[in-house]
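Just so we're aligned: the sequence shown equals residues 8 to 369 in the working numbering. See below for the structure under consideration.
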Amino acid sequence: MTAGKRPDMVVHSTAPYNAETSRTALAGSALTSVDAFYVRNHGPIPELDTEAWRLRIDGLVDSELELSLADLRSQFAQRESTVTLQCAGNRRSGLIAVRPIPGEAPWGPGATGTARWTGVALRDVLTQAGIQDIASHVELRGADRSEEADPPQRFGASITRHKALSGEVLLAWAMNGEPLPAAHGAPLRVIVPGYIGARSVKWLTAVTARRGPSENFFQARAYRLLPPDAPADAGLAGEGVALGAVGVNSDILVPEDGATVAGGETEVLGYAFAGDDRHIIRVDVSSDGGQTWAQAELLDAATLWSWRRWRVSLHLVPGPAEVVARAWDSAASAQPAGAAELWNPKGYVNNSWARIRLNVCG
Ligand code: MTE
């Protein structure tokens with residue numbers, strides 16, 4: 008099972024299919040191509056008949072709606088946005104290096120990608136249904152059933168009313184100008200810019216306006232940031248915090264960790280992503296483990312919801328070298344230095360400095 012992906016994907020599991028984009032593919036372009044975009048699934052990809060599929064809008068609304076894809080296309084203004092998706096488990100391998108995290112995949116830097124998404128604004132649909140004032144959260148439910156959940160259930164999430172009505176959350180049917188593929192949620196998925204990928208529900212079938220957050224396993228119990236000494240299933244007790252907006256992050260894509268490179272001027276390339284409604288203002292790169300820093304050139308257009316790739320030329324002298332990078336966002340927040348301080352039982356949101364070791368030959 009390859010879910011239509013290219014052979015250089017780093018596959019973490021085949022049932023369900025979970026795979027990350029290779030560093031080379033991420034480095035290659037501002038928009039991640041559809042056949043290289045990472046896939047994170049908690050259950051089998053559902054087979055949905057687009058003709059029969061309907062989106063239900065219910066809960067605390069004045070009029071419930073049932074919309075086909077044709078209704079969505081014809082009744083609402085089409086919107087397009089370039090958005091970076093980033094899984095909460097992106098760069099977990101850095102946390103696993105600190106202390107094991109049983110049962111969780113060792114995602115590297117490729118559980119992220121940037122695409123141009125086309126669809127309609129969730130706000131416009133909720134406005135047509137007449138979302139009531141007492142609704143403070145909006146639940147999003149997919150068609151896929153996850154056996155990983157306890158008890159097994161369909162994947163779901165929720166976002167606040169404020170985010171849902173911001174106009175920036177899309178219900179998308181196309182990705183980079185192509186029809187949304189099955190692996191990415193066809194016929195319709197949510198795109199919640201600036202938030203962990205888990206809130207961007209795929210195979211969307213229901214949107215429910217509620218008083219409180221969703222009780223779905225993936226909102227109430229998984230994707231929570233727990234204190235380091237909590238058991239991994241502490242979400243049962245409602246411990247920790249449900250993850251939403253992600254923090255500033257970056258990683259190095261070229262050269263590969265452990266590579267042998269020639270001494271002299273060496274080009275280092277990576278990505279940086281600010282999360283939420285912040286943007287990247289600076290990326291610092293060091294070849295002496297963080298004692299001195301050079302500023303990288305930011306590539307790609309500066310758009311609110313997407314990453315910036317970056318590039319810098321470093322002068323490397325023969326011998327072992329540790330290259331590190333840290334990004335800064337528009338709230339003047341920088342990535343923390345060490346993964347050890349960030350370790351948490353489920354291995355989420357590792358935004359510690361990017362680090363690679365190089366063997367520099369003379
Ligand atoms: N939506 C459904 N229905 N089922 C899922 O398993 N996984 C979530 C989210 N939406 C998921 C889902 C997670 S954890 C992430 S990171 C993103 O989808 C990944 O989106 P992608 O597979 O299109 O890259």
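Even for Gly, the Cβ is constructed at its ideal location relative to N, Cα and C. These numbers were taken from a predicted model, which means no experiment stands behind them.
Listed in chain order, the non-local C-beta contacts of THR89 below 6 Å within the same chain comprise ARG123, THR310 and SER313, local neighbours out to five positions each way being set aside.
Restricted to the segment 12-54, the alpha helix (DSSP H) segments that are unbroken, complete and at least 4 residues in length are 30-35, listed in chain order. Look at ASN357: its beta carbon is at least 7 Å from all of the heavy atoms in the ligand MTE. Taken in chain order, the complete alpha helix (DSSP H) segments of 4 or more residues contained in the segment 192-262 are 224-227. The closest heavy atom of the ligand MTE lies less than 7 Å from the beta carbon of HIS191.
Inclusion of ALA205 in the 7 Å shell around the ligand MTE follows from its C-beta lying nearer than that to a non-hydrogen atom of the ligand. Remark: C-beta atoms of ALA156 and PHE225 approach each other more closely than 8 Å. For ALA189, same chain residues with a beta-carbon under 6 Å away, outside a window of 5 residues either side, are ILE52 in chain order. The C-alpha of LEU365 is placed about 46 Å away from the C-alpha of HIS169. Of the residues assessed, LEU250 falls on the buried side of the cut-off, its CB having 16 or more other CB atoms within 10 angstroms. The beta carbon of PRO327 is closer than 8 Å to those of ARG364, LEU365, ASN366 and VAL367 in its chain, skipping five residues each way along the sequence.
Distance from the CA atom of ASP295 to the CA atom of LEU323, rounded to whole angstroms, is 9 Å. Here the alpha carbons of GLU274 and THR28 stand approximately 21 Å from one another.
Relative to PRO116, the option among VAL127, ARG99, VAL105 and ILE108 whose CA is nearest is ARG99.
Using a C-beta cut-off of 8 Å, the segment 232-248 makes no contact with the segment 171-187, since fewer than three inter-stretch Cβ pairs fall below that distance. DSSP places ALA361 in the strand class (E or B) of the three-state scheme.
Under DSSP, CYS368 shares a beta bridge with ALA269.
Between ARG148 and ALA213, the beta carbon gap of about 4 Å places them in contact (Cβ cut-off 8 Å).
Relative to the Cα of VAL41, the nearest Cα in the group PHE162, MET16 and GLU348 belongs to MET16. DSSP links ASP336 through a beta bridge to ILE287. Distance from the CA of ARG106 to the CA of ALA10, rounded to the nearest whole angstrom, comes to 32 Å. For LEU76, no beta strand (DSSP E) segment is defined; the enclosing uninterrupted segment is the alpha helix (DSSP H) at 76-82. Excluding its 5 nearest sequence neighbours in each direction, GLY219 has C-beta neighbours in its own chain below 8 Å: SER143 and HIS144, listed in chain order.
Beyond the five residues adjoining it in sequence on each side, GLY271 comes within less than 8 Å, by CB distance, of HIS322 and LEU323 in the same chain, given in chain order.
In this structure, the alpha-carbon of ALA338 lies about 7 Å from that of ARG285. Bridge pairing for SER165: GLU146 [DSSP].
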